[in-house]
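For the sequence shown, our numbering gives the first residue as 1, with consecutive numbering after it. Note sheet for the following structure.
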Amino acid sequence: MTPTRVAILGSALLLIALLAALTVAAVINGGFNVLTLVSLLVLALLGFGILGALRTPPPDE
């Protein structure tokens, strides 16, 4: 992977980790509810999408 892709992947994963930590803090303070489940699903979709897009190298032309 190129250094640019590694930097983008690292920053995206850092953002997802920060949002996950905030979600866990919300669960601790307010309890688990439907919005927490939606938040976790959105974070999972973001994580899988970003990892899939950045781990797959571009096609050779």
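Glycine included, every Cβ here is placed at the ideal spot set by N, Cα and C. Nothing here was measured: the structure is a model prediction, and the numbers come from that model.
Can at least three beta-carbon pairs, one atom from the segment 2 to 9 and one from the segment 42 to 49, be found at a separation below 8 Å? no
Just to confirm the assignment, what range does the alpha helix (DSSP H) spanning V31 have? As a first step, residue 31 must be located in the sequence shown, where it is residue number 31. Before going further, note that residue 31 is Gly rather than Val in the sequence given. From DSSP, G31 is part of no alpha helix (DSSP H); its letter is neither H nor E.
For R36, the three-state DSSP class (helix, strand or coil): Here residue 36 refers to the residue found at position 36 when the sequence shown is read from its first residue. Note that residue 36 is Thr in the sequence shown here, rather than Arg. It is helical.
Comparing C-alpha positions only, which one of A12, L35, P57 and I8 sits nearest to T23? Mapped onto the sequence shown, residue 23 falls at position 23. Closest option to T23, Cα to Cα, is L35.
Within 7 Å, strictly: CB atoms of L19 and L43: What you label residue 19 is simply residue 19 of the sequence shown in a count that begins at 1. What you label residue 43 is simply residue 43 of the sequence shown in a count that begins at 1. Against a cut-off of 7 Å, the Cβ pair of L43 and L19 comes out as a contact.
Should L41 be flagged as near chain D, meaning a C-beta pair shorter than 7 Å? You won't find chain D in this structure, because it holds only one protein chain.
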